[in-house]
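In this note's numbering, the protein residues as written are 1292 to 1451. The beta carbon of each residue, even a glycine, is placed where N, CA and C say it ideally should be. Quick caveat: nothing in here was measured; it's all calculated off a predicted structure. Written below as structure tokens is the structure these notes are about.
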């Protein structure tokens, strides 16, 4: 039995390592208009807001203050108060989290590939402060077919 050349295996390992480093470097170089230290965020946010917005936590389904809210208004980022979603695009998804089919403006959010649970999902973040809002899925209603499934604690609501 002939074994592969050790140098070829080493090259493949180095190539894969460099590819992974480049991907992680991209994440580290994302700059947001509002950047604060962890202690600054902790002084501004509640413990639950900090866990979700800064540490990518998730509130329990059917526990948030906005999952079944039906008033007209605008939803803002709880971290930086940027306008994100309108109640006009909110709908009942049955998931227990506030769900929208489109943001007020695509530039108000960022989408980041998330592989944290061993599956590929698309994380939704605030484009101004980088706060974790939730995830977007391709199973929403028309006209977009998208479901922005967000954490209530990551949002503030202002009645119109």
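How many angstroms separate the CA atom of residue i from the CA atom of residue j?
| i | j | result |
| --- | --- | --- |
| residue 1425 | residue 1418 | 13 Å |
| residue 1343 | residue 1332 | 12 Å |
| residue 1448 | residue 1427 | 20 Å |
| residue 1322 | residue 1336 | 20 Å |
| residue 1437 | residue 1380 | 11 Å |
| residue 1325 | residue 1433 | 33 Å |
According to DSSP, is residue i helix, strand or coil?
| i | result |
| --- | --- |
| residue 1408 | coil |
| residue 1311 | With a pLDDT of 40 at residue 1311, under the threshold of 50, the modelled position of that residue is not reliable, and no figure is offered here. |
| residue 1297 | Note on residue 1297: pLDDT 49, under 50, position unreliable in the model; the coordinate value appears next. Three-state result, residue 1297: helix. |
| residue 1396 | coil |
| residue 1341 | helix |
Could you pull out every residue in the same chain whose Cβ sits closer than 6 Å to the Cβ of residue i, ignoring the five residues on either side in sequence?
| i | result |
| --- | --- |
| residue 1356 | 1443 |
| residue 1369 | 1340, 1445, 1446, 1447 |
Does the beta-carbon of residue i have 16 or more other beta-carbons within 10 angstroms, so that it is buried, or is it exposed?
| i | result |
| --- | --- |
| residue 1441 | buried |
| residue 1390 | buried |
| residue 1415 | buried |
| residue 1312 | For residue 1312, the pLDDT reaches just 36, beneath the cut-off of 50, and the residue's location in the model is therefore unreliable, although a value from the coordinates is still provided. It is exposed - the Cβ of residue 1312 has fewer than 16 other Cβ atoms within 10 Å. |
Give me the Cβ distance between residue i and residue j, rounded to the nearest whole Å; I'm assuming they're in contact under 8 Å.
| i | j | result |
| --- | --- | --- |
| residue 1374 | residue 1367 | 6 Å |
In chain order, what residues of the same chain have a beta carbon less than 7 Å from the beta carbon of residue i, not counting five sequence neighbours either side?
| i | result |
| --- | --- |
| residue 1352 | 1386, 1387, 1388 |
| residue 1362 | 1378, 1450 |
| residue 1399 | 1373, 1374, 1375, 1418 |
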